[in-house]
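See below for the structure under consideration.
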Amino acid sequence: MRVFVFAAGLAAGFAAAGVAPAFLTGAAGARQVAAPRTLLVAQKRVDAFAQDGGRIAWASDCKVRLGALPASKRTLLGNTGGSYCFEPASWSLALAGKRAVWGGYLKTASNNRYGTIYTAAPGSKQRDLEDLEQVEREWGAFLVGAAGDGATLVYSSTYVREFNGPDCPPCSLHVTGFPVRAVVGGVRRSLVGTPPAAAIAASSGRIAVVPADRSEIKGCCAGVEPHPVPNDPVQIRSARTGALIAKFTPRGTVLDVALSATTAAVITQDVGTRRIERFSAATGAPIRSTGVAGAPVDLSAAGGTVVYRVGRTILSLTGASDVQQHVATAAGTPIGLSIESRRVAWAENVRIGGRIRGRVRAVTI
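The sequence shown begins at 5 in the numbering used here and counts up one residue at a time.
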């Protein structure tokens with residue numbers, strides 16, 4: 005345990021410097037990866053990024069755009085809420101084929117937060133799917149996330165309700181809904197049977213759902229974002245009907261989830277130790293559990309490969325191996341990091357020509 009804590013501290017320092025230390029990469033015998041290439045450069049900073057197949061979507065300057073690779077032709081899908089922009093940290097963007105779903109909370113001076121979830125595809129008008137509101141940023145609708153793959157496009161907004169009583173404060177807060185929503189042809193529909201989620205992922209007509217903790221939290225103005233119960237099963241369900249296909253139980257609290265045609269993966273934390281656990285997407289059978297240093301985030305999967313990042317360092321795990329391969333070191337904090345087949349892509353904001361602009365970078369592994 006002492007060795008791991010020491011390594012985690014070093015990893016954080018290396019990540020801040022944009023360096024991939026050998027103990028993160030499992031350097032012995034590690035294959036070399038080609039240098040990243042630039043897919044596009046935006047006129048202003050990029051706030052969100054997603055990819056699916058041969059297309060990418062990105063949000064910049066309060067607009068969401070779609071591009072087919074190489075992204076020389078760009079299609080405007082919509083805006084982020086009239087004359088307002090979303091808060092930079094509140095974004096969620098997913099792409100499935102040519103259709104995107106995006107949402108977030110608007111920049112306002114109010115103590116409450118207001119937002120909307122939208123969808124659009126080339127040749128169709130931008131549509132509102134759901135309005136979001138958080139009262140005093142303590143309770144209301146929390147945008148958990150969105151996920152897309154092929155014909156599957158889903159999102160989750162989980163509602164946290166405040167119950168007032170004669171002794172309030174202290175008050176009681178707990179999750180009361182909603183199920184995961186699928187977006188088909190620009191129309192949303194609830195996937196019956198899916199629980200309120202703390203995280204979701206999608207692949208190959210299935211979704212992975214990390215159920216949110218529905219127990220009560222007492223105390224005035226406690227505020228609670230949807231979070232999972234430690235050691236609680238993760239569910240794999242049909243993206244068409246919501247029917248349960250498989251489930252698996254990670255060790256600890258799930259911090260992120262990813263899904264491919266063959267593999268379900270989670271980042272977990274248990275007594276200060278973070279791990280990436282991999283399971284069969286078909287049966288839920290365990291494949292491998294690998295200890296990781298630092299604070300891994302932005303988990304994504306394709307086939308038997310998962311990618312993630314620690315700071316600006318992008319890493320991968322393949323099959324049942326514990327070797328953490330260094331993929332790339334981004335010039336800025338990676339946004340929307342994901343893997344599509346063998347293409348690992350992300351957006352980053354860097355200084356170009358004397359001003360901050362966003363660009364999308366990719367590397368083939």
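Cβ atoms here follow ideal geometry from the backbone N, Cα and C, with glycine treated the same way.
- The Cβ atoms of Ala-150 and Val-158 lie closer than 8 Å to each other.
- When Cβ pairs closer than 8 Å are counted between the two stretches, the segment 179–196 is seen to touch the segment 231–249, the count reaching three or more.
- Rounded to whole angstroms, the Cβ separation of Ile-343 and Asn-353 is 21 Å, and the two are not in contact under 8 Å.
- Where Pro-290 is concerned, the enclosing beta strand (DSSP E) starts and stops at 290–295.
- If you draw a straight line from the Cα of Val-148 to the Cα of Val-213, it comes to about 11 Å.
- Pro-200 sits in coil when the DSSP states are folded into three classes, being neither helix nor strand.
- Within the DSSP secondary-structure output, Pro-215 pairs in a beta bridge with Ala-201.
- Assignment of beta strand (DSSP E) within the segment 136–197, counting only whole runs of 3 or more residues, yields 143–153, 156–167, 176–181, 185–188, 191–194 in chain order.
- For Pro-92, the secondary structure class from DSSP, reduced to helix, strand or coil, is helix.
- Cα atoms of Arg-355 and Ala-104: separation of roughly 28 Å, rounded to the nearest angstrom.
- Separation of Ser-207 and Asp-302 (C-alpha to C-alpha, rounded to the nearest whole angstrom) is 16 Å.
- The beta carbon of Ala-54 sits closer than 6 Å to those of Ala-61, Leu-97, Ala-98, Leu-99, Gly-340, all from its chain and outside the five residues before and after it, given in chain order.
- The beta carbon of Lys-111 sits closer than 8 Å to the beta carbons of Tyr-88, Cys-89, Phe-90, Glu-91 from its chain, once the five residues preceding and following it are set aside; these are given in chain order.
- Looking at the DSSP output, Asp-236 shares a beta bridge with no other residue.
- Contact between the segment 329–340 and the segment 287–296 is not established, with fewer than three Cβ pairs separated by less than 8 Å.
- Of the other Cβ atoms in all chains shown, fewer than 16 fall within 10 Å of the Cβ of Gly-295; this residue is therefore exposed.
- For Gln-329, the secondary structure class from DSSP, reduced to helix, strand or coil, is strand.
- In the structure shown, Gly-82 adopts extended strand secondary structure according to DSSP, grouped into three states.
- Judged by pairs of C-beta atoms under 8 Å, the segment 250–260 touches the segment 270–285, as three or more such pairs exist.
- DSSP, reduced to helix, strand and coil, places Glu-220 outside both helices and strands of the structure shown, so it counts as coil.
- About 6 Å separates the Cβ atoms of Pro-215 and Pro-232, confirming a contact at the 8 Å cut-off.
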